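Student: As given, the protein sequences belong to chains A and X, one line each in that order. Numbering of the first sequence is given in the working numbering, commencing with residue 12 and proceeding in unit increments. Numbering of the second sequence is given in the working numbering, commencing with residue 377 and proceeding in unit increments. The structure is given below, and queries will be raised subsequently.
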Amino acid sequence: MRVPPGVSPADFADAIKQYEAAIGKEWVFTSDEDVDTYRDSYSPFWHENEEPIPSAAIAPGEVEQVQAVVKIANSHRIPLWTISTGKNLGYGGSAPLLGGSVVLDLKRMNRVLEVNDKNHYALVEPGVSYFDLYRHIQNQGLKVWIDPPDPGWGSLVGNALERGGGYTPMRDHFDCHCGMEVVLANGDVVRTGMGALPNAKTWQQYKYGFGPHVDGIFSQSNFGIVTKMGFWLYPQPDAFLSGSVMVSKHEDLHGLVEVFANLIDSNIVQATTTVVSPLAYGRDPELAALRAKGSTKDLEDYAAQKNIPYWSVSLPFYGSPKVVAAQWEYARDKFSAAIPGARFQDGASYRFPLDADQLAKIANPVPFGVPSLQTFSVGGPRSQGHMWFSPIIPMTGESVLEAQQVFDQVHKDLGEAGGASAAFPVWSFFARAFVIIYFFPIEHDVEKNRRNREIFRRLVTTSAEHGWGEYRTHTAFMGDISDAYSFNDHALRRLHESIKDALDPNGILAAGKCGIWPKSMRKAKGVA
Amino acid sequence: MKKSAAFLIVALAVSIAVAAAPARAQSDQGVSRSHAWVNATVNGEGQPRGYLQYQNYCSMCHGEGVGKPGTLALQAKYKGQLPALLEKRTDLTPQLIKMYVRNGISVMPIFRKTEISDADLDAICAYLTRNNSKQ
Chain A
12 MRVPPGVSPA
22 DFADAIKQYE
32 AAIGKEWVFT
42 SDEDVDTYRD
52 SYSPFWHENE
62 EPIPSAAIAP
72 GEVEQVQAVV
82 KIANSHRIPL
92 WTISTGKNLG
102 YGGSAPLLGG
112 SVVLDLKRMN
122 RVLEVNDKNH
132 YALVEPGVSY
142 FDLYRHIQNQ
152 GLKVWIDPPD
162 PGWGSLVGNA
172 LERGGGYTPM
182 RDHFDCHCGM
192 EVVLANGDVV
202 RTGMGALPNA
212 KTWQQYKYGF
222 GPHVDGIFSQ
232 SNFGIVTKMG
242 FWLYPQPDAF
252 LSGSVMVSKH
262 EDLHGLVEVF
272 ANLIDSNIVQ
282 ATTTVVSPLA
292 YGRDPELAAL
302 RAKGSTKDLE
312 DYAAQKNIPY
322 WSVSLPFYGS
332 PKVVAAQWEY
342 ARDKFSAAIP
352 GARFQDGASY
362 RFPLDADQLA
372 KIANPVPFGV
382 PSLQTFSVGG
392 PRSQGHMWFS
402 PIIPMTGESV
412 LEAQQVFDQV
422 HKDLGEAGGA
432 SAAFPVWSFF
442 ARAFVIIYFF
452 PIEHDVEKNR
462 RNREIFRRLV
472 TTSAEHGWGE
482 YRTHTAFMGD
492 ISDAYSFNDH
502 ALRRLHESIK
512 DALDPNGILA
522 AGKCGIWPKS
532 MRKAKGVA
Chain X
377 MKKSAAFLIV
387 ALAVSIAVAA
397 APARAQSDQG
407 VSRSHAWVNA
417 TVNGEGQPRG
427 YLQYQNYCSM
437 CHGEGVGKPG
447 TLALQAKYKG
457 QLPALLEKRT
467 DLTPQLIKMY
477 VRNGISVMPI
487 FRKTEISDAD
497 LDAICAYLTR
507 NNSKQ
């Protein structure tokens, strides 16, 4: 049997016995066969000794059992790693950061506790997936939307705590949460916001409660175990309308993004979209040659000749039919004024609810609040997964061009071909800034994975040199990115460590998450 | 790598910009087969053992209709030599199915017992092997 680091086999065996008594033998997994199911399916360390494998997994069914297992972990100094549905693929999946940790699997806690379609909110447990909540809402006939991320099998709680995003106006998942229940490392149960008032009537309607707003410290951290979370839901809108804005010159990007930022910050455009250059990923050999060696003018001429835009953005509008039509018209006016020659094309439009026939024809229903796994429709036959490098850059044309050039140079400096960066466009998942989502394939190939890890790390340090930080990352790179947020000699990490030492002095929760290590391990990990 | 990533981005970007759809149809037949997972409990009456579990856990990727990456991947893999739809296969065995579910393959991840219990997995195997005369 594998044993956690710093724990004697005798102590671990005793802890396992106590876990079995607390939650039932069938929910304590110690066989290699069972524990291997907790590996990161998309691990960038597959076949390497560095891959962090758990020692065991435990799956409590209710809050009282979570409290019990936390107390056992504390008395035996067992490192735990909490997962909700365990589908954080591309970021570590269901595996711990610290090898030998015991995975605390909350998938069994999968109740939808409440959905309200008059004040538009839900309260769910961590094991509830987007598919689960959507099914519940459909079967109850409730007129509210959820906001799924690309894959619908993840947990609303887990995704929001990771600060993930979706595509509708409720796309910023952590921002749209309202109220939490947390089990602390000492076994205490806390409810935040209005939940701290017994019999509260507005736990999922008013975020802040009274006094310090602590919810944020439980996101992307290891300060507590979230066992319930509230979410604001979007009232089912009447309509959706989209329209494309297309410009023909390289320099038009500046005006395009300036107007786009104005529309986003004015809440005229409220959802996720992407600013792309079709020239960056067209497969025509002539175009590929121009990308490698041609001038900007060459590319503009090619685009004009082939009647494709140099840059384009598809704007999504949600709301009443008259309002969305007016918003699209307003957007066209603003773009026309800023960029003479800008062209426009009406895109998809729908009225809601969609009927079965319509839904059956929509390949990607995610922007309409319908969870799906269609995002996996791509990826080569050898691909065993992927991971993401995701820097946040300012919402300006200048920053887009600079980021493309800087990250391209990193690839070239490391002996790779350039040209990939421009194919990864910028997204408006989060208000007021762009996030770039760089795709790294994972294959069961040690050399390729090592190479990609090296490139990734160099991208992180280069990004920091330019004042860009990542919003989220794979457990493999949490230390690298935490190191980059170093203002005032890593003052933020010192603050995190103070909170850690107060809330989890024995360091039993998610050791190493986002660069936060238990006090006893800091020296060894090079952060003391 | 670049091409598949590029296609992903195109697919995401273009999916919002497809040609305008007609206004909502008059009838509502309930949820279509492409979203059978939504109310499999309702549509599960009279279906073979494991149909319900298959819809709930597998059909989002391996069902029929648009946007089913498992079916698409198997179409690319078998190129028509075998049915891309798992439900139509006649050669599957419980051992093979369990191996893929508990170990993953390509971008299909591992599924743990807390997601798909052994009992549910047995039911899924019963459903997918119902047409295998050797089982």
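Glycine included, each C-beta is placed from N, C-alpha and C at the ideal position. Note that the coordinates shown come from a computational prediction; the quantities given were computed from them, not determined experimentally.
Apart from the five residues just before and just after H131/A, which ones in its own chain have a Cβ nearer than 6 Å to its Cβ?
Tutor: V155, L244 and P246
Student: Can you find a CB in chain X that lies within less than 9 Å of the CB of E44/A?
Tutor: yes
Student: Can you say whether G235/A is buried or exposed, counting buried as having 16 or more other CB atoms within 10 angstroms of its CB?
Tutor: Classification of G235/A: buried, given that the 10 Å Cβ count is 16 or more.
Student: Anyone know if the C-beta pair for Y503/X and P424/X falls short of 9 Å?
Tutor: yes
Student: Which of the three DSSP states is assigned to A356/A in this structure?
Tutor: According to the sequence displayed, residue 356/A carries Gln and not Ala. Three-state result, Q356/A: strand.
Student: Assuming contact is defined by CB atoms lying nearer than 9 Å, are T284/A and S325/A in contact in what I supplied?
Tutor: yes
Student: Mind checking if L458/X is an interface residue toward chain A, Cβ cutoff 9 Å exclusive?
Tutor: no
Student: Does the beta-carbon of K333/A have 16 or more other beta-carbons within 10 angstroms, so that it is buried, or is it exposed?
Tutor: K333/A is exposed by the Cβ-count criterion.
Student: For the pair the stretch 254 to 270 of chain A and the stretch 336 to 351 of chain A, tell me if three or more CB-CB distances fall below 8 Å.
Tutor: By the C-beta criterion, the stretch 254 to 270 of chain A is judged to be in contact with the stretch 336 to 351 of chain A, since at least 3 inter-stretch pairs fall below 8 Å.
Student: Looking at the secondary structure, which residues open and close the alpha helix (DSSP H) in which L384/A lies?
Tutor: It is not in any alpha helix (DSSP H) - L384/A carries neither H nor E in the DSSP assignment.
Student: Going by the DSSP bridge assignment, what does E125/A pair with across the sheet?
Tutor: DSSP, once it has assigned bridges, lists L134/A as partnering E125/A.
Student: Kindly give me the distance between the Cβ atoms of L425/A and E481/A, rounded to whole angstroms, as I take these residues to be in contact under 8 Å.
Tutor: No, L425/A and E481/A are not in contact; Cβ-Cβ is about 18 Å, not under 8 Å.
Student: Which residues of chain A have a Cβ atom closer than 7 Å to the Cβ of M475/X, listed in chain order?
Tutor: Chain A residues near M475/X: none, gap ~12 Å exceeds 7 Å.
Student: Determine the direct distance from the alpha carbon of S323/A to that of Q356/A, and round the result to whole angstroms.
Tutor: 11 Å
Student: Can you give me the Cβ contacts of S531/A inside the same chain, cut-off strictly under 7 Å, excluding the 5 residues immediately before and after it?
Tutor: Answer for S531/A: G518, listed in chain order.
Student: Assuming S105/A contacts L91/A under a Cβ cut-off of 8 Å, what Cβ separation, rounded to an integer in Å, is found between them?
Tutor: The pair is not a contact, with the Cβ atoms about 13 Å apart (cut-off 8 Å).
Student: Measure from the C-beta of C501/X to each C-beta in chain A and report whether the shortest distance is under 9 Å.
Tutor: no
Student: Cα-Cα, which of V114/A, D158/A and I279/A is closest to A522/A?
Tutor: V114/A
Student: Starting from the Cα of H188/A, find the closest Cα among D199/A, D158/A and G198/A and give me that residue.
Tutor: Taking only the C-alpha atoms, the option nearest H188/A is D158/A.
Student: Can you pull the chain A neighbours of L448/X, defined as C-beta to C-beta under 8 Å?
Tutor: Near L448/X (Cβ distances below 8 Å), the residues of chain A are S388.
Student: Below 8 Å, can you find three or more Cβ-Cβ pairs linking the stretch 115 to 124 of chain A to the stretch 201 to 216 of chain A?
Tutor: As far as the Cβ criterion goes, the stretch 115 to 124 of chain A does not touch the stretch 201 to 216 of chain A, which means the pair count is below three.
Student: Could you tell me whether any Cβ in chain X is nearer than 9 Å to the Cβ of V80/A?
Tutor: no
Student: Beta carbons nearer than 8 Å to chain X: which residues of the stretch 97 to 108 of chain A have them?
Tutor: G97, K98, L100, G104 and S105
Student: What does the alpha-carbon distance come out to for the pair E62/A and P529/A?
Tutor: 21 Å
Student: Can you give the Cα-Cα distance for L264/A and G408/A, rounded to whole angstroms?
Tutor: 5 Å
Student: V538/A and H501/A: beta carbons closer than 9 Å?
Tutor: For V538/A and H501/A, yes; Cβs fall inside 9 Å.
Student: Leaving out five residues before and five after L310/A in sequence, what residues of the same chain have Cβ atoms less than 6 Å from its Cβ?
Tutor: L290 and L301
Student: So with CB distances below 8 Å, who are the chain A contacts of E491/X?
Tutor: Chain A residues near E491/X: T96, G97 and K118.
Student: For T285/A, list the residues DSSP reports as bridge partners.
Tutor: W438/A
Student: Just verifying my parser: in three-state terms, what is the DSSP assignment at A381/X?
Tutor: Unreliable positioning characterises A381/X in this predicted model, as indicated by a pLDDT of 48, which lies under 50. The coordinate reading is nonetheless provided below. Three-state DSSP puts A381/X in a helix.
Student: Take E75/A as the anchor and find which of V201/A, F251/A, G176/A and S331/A has the nearest alpha-carbon.
Tutor: V201/A
Student: Short check: CB of I403/A to CB of E413/A, under 9 Å?
Tutor: no
Student: For F93/A, which of helix, strand or coil comes out of DSSP?
Tutor: Going by the sequence as given, residue 93/A is Thr instead of Phe. T93/A: strand per DSSP, three-state reduction.
Student: Closest by CA to N60/A, which one among N210/A, A315/A, G396/A and R461/A?
Tutor: R461/A
Student: Pull up the distance between the alpha-carbon of G241/A and that of N318/A, whole angstroms please.
Tutor: 48 Å
Student: Just curious, the beta strand (DSSP E) that M257/A is in, first and last residue?
Tutor: A250 to V258
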